[in-house]
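Protein chains in written order, with the working numbering: chain E, 14 to 91; chain R, 5 to 209. Inspection log for the structure reproduced underneath, given as structure tokens.
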């Protein structure tokens, strides 16, 4: 893991939305990763989709019409 | 007042409970036990209450523990419920900690959900305080070692941190994943069974 790397995370209301989003992103070959929702973010769902900021537009475009994304946040790793 | 408790042949947490009771009435208690777990538990219990503890292992496998209350010893505030039959919690388990990823799903019921959970589990393993020494992937669990599994980067980080990753060769062959395994060492049943049989702790999510 690189230092100070910035990621984005897409947060969803439900796990089924995460599963749906994963399928769409996989099909569209957009690099992403399923991770537990970071502790500082509050959600009932528990898992979210992480991706690099450079893919933010692609992710938004791919998911917008078919899955309801609660929000997209930036995430910093130290 | 002093009292001697013969706790030989008695399983935990009984020796600790007897010790606690005796200490409530006496300033000095000698406890005899005949197994290491009871010995460690009684010793730890007495120490945690602030008592002075002298121990002596006698040749016939008997442990003698002499406990003397100090002015600040607080017998009543210590819970004895944690001194169970299981090994001493403070003692490190003998042998490595092994995480077994036996399928591509965590839990059973819904495999789609299970896959999400397992990925999340593997990712979280990196940040655990007590990381495994060895991870074994078998059956559909071997899929996590392929490049597009979504967690191969996590497994690589774990490997860099010194975690040994064993990937079941028979399973790789069965799923025709030969050449697609990107992390860990291809392993066989001798090594897998040997690792499981000598593990100090096995975690199977």
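Using N, Cα and C, we set each Cβ at its ideal position, and we do this for glycine too.
| query | Any Cβ of chain E within less than 7 angstroms of the Cβ of residue 107(R)? | reply | Output row for residue 107(R): interface = no.
| request: Pick out whichever of 30(R), 194(R) and 12(R) has its Cα sitting closest to the Cα of residue 64(R). | output: For the options 30(R), 194(R) and 12(R), the alpha carbon positioned closest to that of residue 64(R) is the one of 12(R).
| Residues bridged to residue 114(R) by DSSP? | Beta-bridge partners assigned by DSSP to residue 114(R): none are found.
| Under 7 angstroms between C-beta atoms, does residue 50(E) make it to chain R? | No - not a single Cβ of chain R is within 7 angstroms of the one on residue 50(E).
| Nearest to residue 135(R) by alpha carbon, out of 104(R), 151(R) and 110(R)? | Closest option to residue 135(R), Cα to Cα, is 104(R).
| Are the C-beta atoms of residue 46(E) and some chain R residue less than 7 angstroms apart? | Contact of residue 46(E) with chain R is assigned, a C-beta pair being separated by under 7 angstroms.
| message | Can you tell me where the beta strand (DSSP E) holding residue 142(R) begins and where it ends? | response | No residue range can be given for residue 142(R), since it is assigned to no beta strand (DSSP E) and is classified by DSSP as neither H nor E.
| said: Rounding to the nearest angstrom, what Cα-Cα distance links residue 69(R) and residue 59(R) in this structure? | reply: About 5 angstroms.
| query | Does residue 128(R) have its Cβ less than 7 angstroms from a Cβ in chain E? | reply | For residue 128(R), the nearest beta carbon of chain E is closer than 7 angstroms to its own beta carbon.
| message | Here's the rule: buried if 16 or more other CB atoms are within 10 angstroms of the residue's CB, otherwise exposed. What is residue 41(E)? | response | Label assigned to residue 41(E): exposed.
| What residues of chain E sit near residue 117(R), judged by a beta carbon separation below 9 angstroms? | The contacting residues are 28, 29 and 32.
| field | Neighbour-count burial assignment, residue 142(R), 16 or more Cβ in a 10 Å radius | value | Residue burial is scored here from C-beta neighbours: residue 142(R) has at least 16 other C-beta atoms within 10 angstroms and is therefore classed as buried.
| task | Give the DSSP-derived three-state secondary structure of residue 44(E) in the structure shown. | result | The answer is coil: DSSP assigns residue 44(E) none of H, G, I, E or B.
| message | Please identify the residue among 23(E), 78(E), 46(E) and 20(E) whose C-alpha is closest to the C-alpha of residue 119(R). | response | Of the candidates 23(E), 78(E), 46(E) and 20(E), the one whose C-alpha sits nearest the C-alpha of residue 119(R) is 46(E).
| Of all the CB atoms in chain E, is at least one closer than 7 angstroms to the CB of residue 112(R)? | With respect to chain E, the C-beta atom of residue 112(R) has no partner C-beta closer than 7 angstroms.
| Whole-angstrom distance between residue 16(R) and residue 35(R), CA atom to CA atom | C-alpha separation (whole angstroms): 13 angstroms.
| query | Given that a residue counts as buried once 16 or more other Cβ atoms are within 10 Å of its Cβ, and exposed if not, what is residue 158(R)? | reply | Buried: at least 16 other Cβ atoms inside 10 Å.
| query | Can you name the residues of chain R whose CB is closer than 7 angstroms to the CB of residue 60(E)? | reply | Under the 7 angstroms cutoff, chain R gives 120 and 124.
| message | Pairs of beta-carbons, one from the region 21–36 of chain R and one from the region 50–67 of chain E, closer than 8 angstroms: are there three or more? | response | The way I'd put it, the region 21–36 of chain R doesn't touch the region 50–67 of chain E; fewer than three beta-carbon pairs between them come closer than 8 angstroms.
| field | Neighbourhood of residue 35(E) by C-beta, 8 angstroms cutoff - its chain only, sequence neighbours within 5 removed | value | Closer than 8 angstroms at Cβ, skipping near neighbours: 45, 47 and 62.
| What is the DSSP secondary structure of residue 190(R), reduced to helix, strand or coil? | Residue 190(R): strand per DSSP, three-state reduction.
| query | Rounded to the nearest angstrom, how far is the Cβ of residue 196(R) from that of residue 162(R), given a contact under 8 angstroms? | reply | Between the beta-carbon of residue 196(R) and that of residue 162(R) there is about 18 angstroms, and that puts the pair past the 8 angstroms contact cut.
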